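Per our numbering, residue 2 is the first one in the sequence shown, and the count goes up by one each step.
The beta carbon of each residue, even a glycine, is placed where N, CA and C say it ideally should be.
Only a predicted model underlies this, so the values are computations on that prediction, with no experimental measurement involved.
Report on one structure; see the data block that follows.
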Amino acid sequence: MAAASAAQLVIFDCDGVLVDTEPISNRILAAAISEAGLPIAADEVKREFEAMRLTDIQVRVEERLGRPLGDAWLGDFEARREAAFREGIEPIPGVEEVLRALSAEGRPFCAASQARLEKTELTLGLTGLRRYFEDGALFASTMVVHGKPAPDLFLHAAGAMGFEPADCVVVEDAVPGVRAARAAGMPVFGYAPEGTGDRLAAAGARVFDSMDELPSLLVRTGHDW
Numbered sequence: 002m003a004a005a006s007a008a009q010l011v012i013f014d015c016d017g018v019l020v021d022t023e024p025i026s027n028r029i030l031a032a033a034i035s036e037a038g039l040p041i042a043a044d045e046v047k048r049e050f051e052a053m054r055l056t057d058i059q060v061r062v063e064e065r066l067g068r069p070l071g072d073a074w075l076g077d078f079e080a081r082r083e084a085a086f087r088e089g090i091e092p093i094p095g096v097e098e099v100l101r102a103l104s105a106e107g108r109p110f111c112a113a114s115q116a117r118l119e120k121t122e123l124t125l126g127l128t129g130l131r132r133y134f135e136d137g138a139l140f141a142s143t144m145v146v147h148g149k150p151a152p153d154l155f156l157h158a159a160g161a162m163g164f165e166p167a168d169c170v171v172v173e174d175a176v177p178g179v180r181a182a183r184a185a186g187m188p189v190f191g192y193a194p195e196g197t198g199d200r201l202a203a204a205g206a207r208v209f210d211s212m213d214e215l216p217s218l219l220v221r222t223g224h225d226w
């Protein structure tokens, strides 16, 4: 496999790739949905609402309930989630070393998350990872019309960073994100530390299960997949 250009942009998803927030988010969301009258467990939330925008999750829950949740429901969930985050979240094991190495070699990178920019800023700040990202290198699905699995977010991030899609590589942990990257014409590495590799591979990712593997993977272009 040919070596990648030193200028190749690395686009990271955030939750589950940079910061270990998903168990907390799924637990708080499961409680909020259950309290609204639709009993659901955290593992079901992960399975049914993977990588969805919160507004789309609310719509789906309302459809199942047959009634609106009200204007305050989403804000209340986000406040409860933020409080839980502030009690303590961690970076994904090994990812800080990856960011440090990319920074040292001058390799450009950014983050493109389905979540709102405010959440990304919060979680990267709480985990100490924000300092690795230049201003203007964080992107949210609210910046585009269609979130993942549409390619819009990754295409927007690439353009804003000054790169063509063919000169980007994505690091994701969710099937919608993998599909978005492939639809954007970008090779994608699928982080699967908990046995989700088959699903990511089926969606088009090259799977790895430890961040220790990522630096060596990123020196490969992946364009011959």
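How many angstroms separate the CA atom of residue i from the CA atom of residue j?
i, j, result
"Ala1", "Glu165", "Lying before the first or after the last residue shown, residue 1 is absent from the chain, which here runs from 2 to 226."
"Arg131", "Leu100", "10 Å"
"Asp72", "Ile58", "14 Å"
"Asp163", "Leu139", "According to the sequence displayed, residue 163 carries Gly and not Asp. So the alpha carbons of these two residues sit roughly 14 Å apart."
"Arg200", "Pro188", "16 Å"
"Ile93", "Ala206", "19 Å"
"Val46", "Glu88", "22 Å"
"Ala37", "Gln9", "46 Å"
"Phe190", "Ser217", "12 Å"
"Arg54", "Pro150", "11 Å"
"Phe78", "Thr56", "12 Å"
"Val20", "Gly186", "25 Å"
"Leu215", "Phe209", "8 Å"
"Ala116", "Glu122", "10 Å"
"Ala202", "Phe50", "19 Å"
"Pro40", "Gly126", "33 Å"
"Phe13", "Leu70", "32 Å"
"Val11", "Ala52", "19 Å"
How would you call residue i, buried or exposed, if buried means at least 16 neighbouring beta carbons within 10 angstroms?
i, result
"Val18", "buried"
"Asp16", "buried"
"Pro109", "buried"
"Ser35", "exposed"
"Thr128", "buried"
"Gly178", "buried"
"Arg48", "exposed"
"Ser211", "exposed"
"Val220", "exposed"
Which stretch, first to last residue, makes up the beta strand (DSSP E) that contains residue i?
i, result
"Ala85", "First-last for Ala85: Ala73 to Arg87, but that is the alpha helix (DSSP H), not the beta strand (DSSP E)."
"Phe155", "Note, Phe155: premise wrong, no beta strand (DSSP E); alpha helix (DSSP H) at Asp153 to Met162."
"Glu173", "Cys169 to Glu173"
"Leu139", "Leu139 to Ala141"
"Ala112", "Phe110 to Ser114"
"Gly191", "Val189 to Tyr192"
Which stretch, first to last residue, makes up the alpha helix (DSSP H) that contains residue i?
i, result
"Arg183", "Val176 to Ala184"
"Arg207", "Here Arg207 belongs to no alpha helix (DSSP H); instead the beta strand (DSSP E) covers Arg207 to Phe209."
"Phe122", "In the sequence as presented, Phe is not what sits at residue 122; that position holds Glu. Start and end: Leu118 to Thr128."
"Arg131", "First-last for Arg131: undefined, no H or E at that position."
"Asp213", "Neither: Asp213 is in no alpha helix (DSSP H) and is coded neither H nor E."
Query raised in the report: Do the segment 156-163 and the segment 63-71 touch if we need at least three Cβ pairs shorter than 8 Å?
Result: no
**Report entry** Every unbroken alpha helix (DSSP H) inside the segment 10-67 [4 residues or more]
**Finding:** 23-36, 43-49 and 55-66
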